[in-house]
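Below: the structure, in structure tokens.
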Amino acid sequence: MPTRLFRTIAAATLGLALSLAPIAPAMAAPARIKDIVDMEGIRENQLVGYGLVVGLNGTGDSLNNSPFTKQSLQSMLERLGVNTQGENVRTANVAAVMVTANLPPFATQGSRMDVSVAALGDADSLQGGTLLVTPLLGADGEVYAIAQGPVLINGFKAQGDAATVISGVPTTGRISSGALIEREIDFHLGSQHSLRLALRNPDLTTARRIALAVNDFIGAPTAVPEDPATVRLTLPRNFNGNIVDLLTDIEQLIVQTDQTAKIVIDENSGIIVMGKDVRVSSVAVAQSNLTVTIAENPEVVQPAPFSFGETAIEPNTNLNVNQADTALQVVEESVTLQQLVDGLNALGISPRDLIAILQAIKATGALQAEIEVL
């Protein structure tokens with residue numbers, strides 16, 4: 562009897578769609594606090610700069626098409642004591658680039674970090690190039706690091722008279738430890754008496770569980786959930802240490818995370834991702850698969866002998882419409898995620914058909930989940 566019922570649901574395709582909705586309850590996923598929150602003050606900062614890469618083997622910017630490269634080159638040479646104003650500079654070994662980096666939290670002056678380099682003009686490749694001294698600025702316009710060094714790329718370009726081969730992206734690259742940090746971000750974590758924990762996936766239940774876990778471990782009302790995305794942590798009066806010691810003690814605590822019922826759909830690629838708490842009410846669904854086949858077989862028509870007619874081509878279209886209907890089926894109870902996966906694999910339903918079914922069920926109000934379309 563169970564097998565017969567499942568086949569009925571499968572044949573209706575609704576079973577699929579519906580199977581998808583009803584997912585059996587499961588335990589929340591356990592995670593460490595340090596893996597689900599960001600701590601206030603512990604963050605990266607984006608840096609950006611404009612510079613020149615030299616030493617390219619004829620694969621740099623064409624100066625006529627990239628006036629900013631020519632101006633930058635002349636300005637650099639002038640600072641080095643070489644006057645090229647009014648001269649016709651021709652070189653294909655220089656490329657203007659944008660340099661980006663992420664300044665790590667608590668990075669100290671004199672330490673190094675990696676930088677990324679990307680061509681700004683019409684350079685073909687940065688292979689073999691060297692980035693000249695480039696200041697990296699923060700959002701406040703201050704210089705926080707200086708970048709320089711040989712550029713390593715992950716691709717290449719080989720070109721002949723009749724063929725071109727490109728692997729990867731030869732106009733971008735990285736410089737390992739290529740930036741020297743010149744300015745520090747002034748933030749003293751150890752002197753703080755309170756800070757906020759920002760949940761990466763905001764949720765009221767998870768925020769409350771974090772606060773309860775911290776308070777149970779410390780034995781004092783140290784953590785307070787302020788909203789779905791924030792838990793405020795306060796240093797207890799009699800705590801033997803500073804806020805860093807407190808964070809070290811609690812970041813390894815295990816918390817059962819929670820999440821909203823959600824279905825994420827990427828219509829461009831046909832990807833569907835469903836959360837474990839997705840539910841569906843009893844609903845009846847029928848699906849009709851419509852296939853239209855069009856084939857063109859033009860015919861050549863010859864005129865009668867000794868006539869004044871002309872040879873012509875007459876169109877001949879073969880049109881075939883095939884429609885497979887399924888009876889209206891009712892699904893009265895939930896199925897497990899495993900049944901859903903088995904049904905999808907057995908029926909081989911197209912993800913795009915499943916997307917349409919899910920959206921239709923959601924429109925009826927029977928799908929108890931949020932649908933997010935990317």
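Using the numbering used here, read the sequence shown as starting at 562 and increasing by one per residue.
Cβ coordinates follow ideal geometry from the N, Cα and C atoms, glycine included.
{"Asked": "Inter-residue CB distance, residue 708 and residue 617 (contact presumed, cutoff 8 Å)", "Found": "About 17 Å separates the two Cβ atoms, so there is no contact after all."}
{"Asked": "Spatial distance of residue 619 from residue 652 (CA atoms)", "Found": "8 Å"}
{"Asked": "Residue 923 versus residue 835: straight-line alpha-carbon distance, rounded", "Found": "14 Å"}
{"Asked": "Distance between residue 824 and residue 932 (C-alpha atoms, nearest Å)", "Found": "5 Å"}
{"Asked": "Same chain, Cβ closer than 6 Å to residue 676, neighbours up to 5 away in sequence not counted", "Found": "660, 662, 708, 736, 739 and 740"}
{"Asked": "C-alpha gap between residue 691 and residue 641, whole angstroms", "Found": "17 Å"}
{"Asked": "Simplified DSSP assignment, three categories, for residue 599", "Found": "strand"}
{"Asked": "Check whether residue 614 and residue 658 have beta carbons under 7 Å apart", "Found": "yes"}
{"Asked": "Stretch pair the segment 788-800 + the segment 812-827: three plus CB contacts closer than 8 Å", "Found": "no"}
{"Asked": "Closest residue to residue 916 among 597, 828 and 930 (Cα-Cα distance)", "Found": "828"}
{"Asked": "As assigned by DSSP and simplified to three states, the class of residue 838", "Found": "coil"}
{"Asked": "Per DSSP, the bridge partner or partners of residue 871", "Found": "In DSSP, residue 871 forms no bridge with anything."}
{"Asked": "C-alpha distance - residue 750 paired with residue 698, whole-angstrom precision", "Found": "24 Å"}
{"Asked": "Stretch-stretch touch, CB-based, cutoff 8 Å, three pairs: the segment 623-630 with the segment 667-676", "Found": "no"}
{"Asked": "Contact under 7 Å by Cβ, residue 781 with residue 763", "Found": "no"}
{"Asked": "The beta strand (DSSP E) enclosing residue 803, as first and last residue numbers", "Found": "No beta strand (DSSP E) holds residue 803; DSSP gives it neither H nor E."}
{"Asked": "Distance, residue 696 Cα to residue 838 Cα", "Found": "50 Å"}
{"Asked": "Residues near residue 935 by beta carbon distance below 6 Å, same chain, minus five either side", "Found": "827"}
{"Asked": "As assigned by DSSP and simplified to three states, the class of residue 628", "Found": "helix"}
{"Asked": "Short Cβ contact (7 Å threshold) for residue 769 with residue 786", "Found": "yes"}
{"Asked": "Pair within 7 Å by beta-carbon distance, residue 818 and residue 767", "Found": "yes"}
{"Asked": "Proximal residues to residue 808 (C-beta, below 7 Å), its chain only, five neighbours per side dropped", "Found": "600"}
{"Asked": "Runs of beta strand (DSSP E) lying entirely within the segment 784-821, each at least 3 residues, in chain order", "Found": "784-788, 791-795 and 815-817"}
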